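2 protein chains.
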Amino acid sequence: MVVKQLIRTPKELLQSPSFLLKRLGTIAKDRTVEAFDSAGATAYSYAVLAVLEEGTRETQATIADSLCYDRSYLVGLLDELEQRGLIERRRDPADRRRHVVSMTAAGRKELAKLRAVHESVDEELFAVLTASELKTLQALLAKLAAAQDPRYSD
Amino acid sequence: MVVKQLIRTPKELLQSPSFLLKRLGTIAKDRTVEAFDSAGATAYSYAVLAVLEEGTRETQATIADSLCYDRSYLVGLLDELEQRGLIERRRDPADRRRHVVSMTAAGRKELAKLRAVHESVDEELFAVLTASELKTLQALLAKLAAAQDPRYSD
DNA sequence: TATTGTTATACTCTATAACTATA
DNA sequence: TATAGTTATAGAGTATAACAATA
Chain C
1 MVVKQLIRTP KELLQSPSFL LKRLGTIAKD RTVEAFDSAG ATAYSYAVLA VLEEGTRETQ
61 ATIADSLCYD RSYLVGLLDE LEQRGLIERR RDPADRRRHV VSMTAAGRKE LAKLRAVHES
121 VDEELFAVLT ASELKTLQAL LAKLAAAQDP RYSD
Chain X
1 MVVKQLIRTP KELLQSPSFL LKRLGTIAKD RTVEAFDSAG ATAYSYAVLA VLEEGTRETQ
61 ATIADSLCYD RSYLVGLLDE LEQRGLIERR RDPADRRRHV VSMTAAGRKE LAKLRAVHES
121 VDEELFAVLT ASELKTLQAL LAKLAAAQDP RYSD
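Those sequence lines, one after another, are chains C and X. Residues in the first sequence are numbered consecutively from 1, following this note's numbering. Residues in the second sequence are numbered consecutively from 1, following this note's numbering.
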């Protein structure tokens with residue numbers, strides 16, 4: 001019988017935290033895309049709705065900046081959310097160049113649904129860790145993120 | 001004086017470990033690309049050289065699989081490394097479809113250089129963590145990665 | 001002249017498929 | 001017929017630039 005040799009990634013790479021971050025980031029992204037796709041949505045629309053829940057006075061520029069999305073990319077996202085009745089765009093009377101974006105009741109309902117999708121991804125991805133390990137990991141990642149970008153600070 | 005409001009990513013996302021993994025993975029990738037670019041190389045060629053150091057009997061298929069690269073993508077990488085005299089491709093006499101790939105002395109020298117580049121990325125990226133925190137993080141990420149893909153196991 | 005939202009364009013990756021030579 | 005390496009093609013995703021309206 002031929003025993004197929006197990007192909008491994010080099011130890012040198014596996015011992016590098018940045019390598020692991022890159023690979024795990026990719027895995028997390030793939031899982032997220034898949035899960036939201038099955039729910040007929042995207043991680044992007046979930047993120048936008050999550051921003052809107054924390055304050056309705058947002059304008060498009062601040063929404064894009066808070067998520068590190070390009071402003072031109074946000075346009076298409078909002079178009080779709082508006083078409084589905086999940087958000088509203090209104091001209092700001094004080095500055096008619098601006099749009100004030102707010103979430104509708106339907107949007108809040110959709111957010112709850114997408115939040116559940118996202119939570120299930122987290123649960124599955126980190127199932128191998130104990131509750132205490134996950135807590136530690138979350139804290140370390142948060143500390144790291146905050147150090148890289150002020151947007152990620154508490 | 002106008003105090004510009006600090007734009008933050010929603011707490012809901014910052015508390016999600018998978019979201020943090022995705023963002024930190026992207027940051028790690030960007031830093032890596034930048035650092036290798038300045039050194040006139042890529043993270044891909046570093047990874048290939050790192051594989052070759054762990055065993056010279058590798059064939060192209062096993063190299064690609066161990067790094068999760070597409071086999072067709074590996075071709076161009078090897079072309080460049082071969083042109084620069086860092087690796088050698090030889091037909092396997094036992095199966096003339098195969099190429100046996102091995103690293104040259106120049107390749108080993110280049111690997112040492114790229115290893116230093118990669119280490120400096122790690123150092124800078126994780127500078128905010130204590131040695132103990134970094135060790136904990138590395139262990140948790142390794143455990144997580146191993147659970148997702150057998151290639152990442154020890 | 002600068003900025004907001006928008007539209008259009010270009011470019012980089014990646015994924016797939018097709019091809020050759022060997023088995 | 002199947003596989004290793006190679007080449008070519010197509011699609012998705014992203015980044016950049018141009019544009020109209022308003023300040």
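For every residue, glycine included, the Cβ atom is placed at its ideal position computed from N, Cα and C. Quick caveat: nothing in here was measured; it's all calculated off a predicted structure.
query, result
"Simplified DSSP assignment, three categories, for VAL117 (chain C)", "helix"
"Burial state of GLN138 (chain C) (16 or more Cβ within 10 Å)", "buried"
"Meets three-Cβ-pair contact criterion under 8 Å: the stretch 48-61 of chain X and the stretch 125-139 of chain X", "no"
"CB contact below 7 Å: THR157 (chain C) versus chain X", "A question about residue 157 (chain C) goes unanswered here, because the residues of chain C that appear run from 1 up to 154."
"Residue from X:VAL101, X:GLY85, X:ARG31 and X:ASP37 with nearest C-alpha to LEU21 (chain C)", "X:ARG31"
"Between the CA atoms of ALA145 (chain X) and ARG23 (chain C) - distance to the nearest angstrom", "8 Å"
"Beta-carbon neighbours of PRO17 (chain C), restricted to chain X and to distances below 8 Å", "ASP122, LEU125, PHE126, LEU134, LEU137, GLN138 and LEU141"
"Reduced DSSP secondary structure (H/G/I, E/B, other) of SER102 (chain C)", "strand"
"Residue range of the unbroken alpha helix (DSSP H) whose run includes ARG31 (chain X)", "17-38"
"Where the beta strand (DSSP E) through ASP149 (chain X) begins and ends", "Counting along the chain, ASP149 (chain X) falls outside any beta strand (DSSP E), and DSSP gives it neither H nor E."
"Classification of TYR73 (chain X) by the beta-carbon crowding that lies within 10 angstroms, buried from 16 upward", "exposed"
"For ASP70 (chain C) and SER132 (chain C), the rounded distance between their alpha carbons", "36 Å"
"is_contact[ARG71 (chain X), chain C] using C-beta, thresh 7 Å", "no"
"Of the residues X:ALA94, X:LYS113, X:GLU58 and X:ARG96, the one placed nearest SER88 (chain X), counting alpha carbons only", "Going by the sequence as given, residue 88 (chain X) is Glu instead of Ser. Comparing Cα positions, the closest option is X:GLU58."
"Cβ of VAL2 (chain X) within 7 Å of any chain C Cβ", "Unreliable positioning characterises VAL2 (chain X) in this predicted model, as indicated by a pLDDT of 38, which lies under 50. The coordinate reading is nonetheless provided below. Not closer than 7 Å to any Cβ of chain C, the Cβ of VAL2 (chain X) fails to qualify, so no."
"Residue burial classification, SER34 (chain X) (beta-carbon count within 10 angstroms, cutoff 16)", "According to the sequence displayed, residue 34 (chain X) carries Glu and not Ser. Exposed is the call here."
"Pick from X:ALA127, X:THR26 and X:GLU82 that is closest to THR104 (chain X), judged by C-alpha positions", "X:GLU82"
"Chain C within 7 Å of LEU114 (chain X), Cβ atoms only", "no"
"Nearest neighbour of ARG97 (chain X), chosen from X:LYS113, X:SER38, X:GLN60 and X:LYS11 [CA to CA]", "X:GLN60"
"Whole-number beta carbon distance between PRO17 (chain X) and PHE126 (chain C), since they are thought to touch under 8 Å", "6 Å"
"Residues that THR59 (chain X) bridges to, as DSSP identifies them", "X:VAL100"
"Pair within 7 Å by beta-carbon distance, ALA43 (chain C) and LEU67 (chain C)", "no"
"Straight-line Cα distance separating SER45 (chain X) from LEU114 (chain X)", "9 Å"
"Cut-off 7 Å between Cβ atoms - residues of its own chain near ALA41 (chain C), not counting five sequence neighbours on either side", "LEU114"
"Bridge-paired residues (DSSP) for ILE87 (chain X)", "X:MET103"
"Own chain residues within Cβ distance below 7 Å of SER102 (chain X), not counting five before or after", "LEU52, THR56, ILE87 and GLU88"
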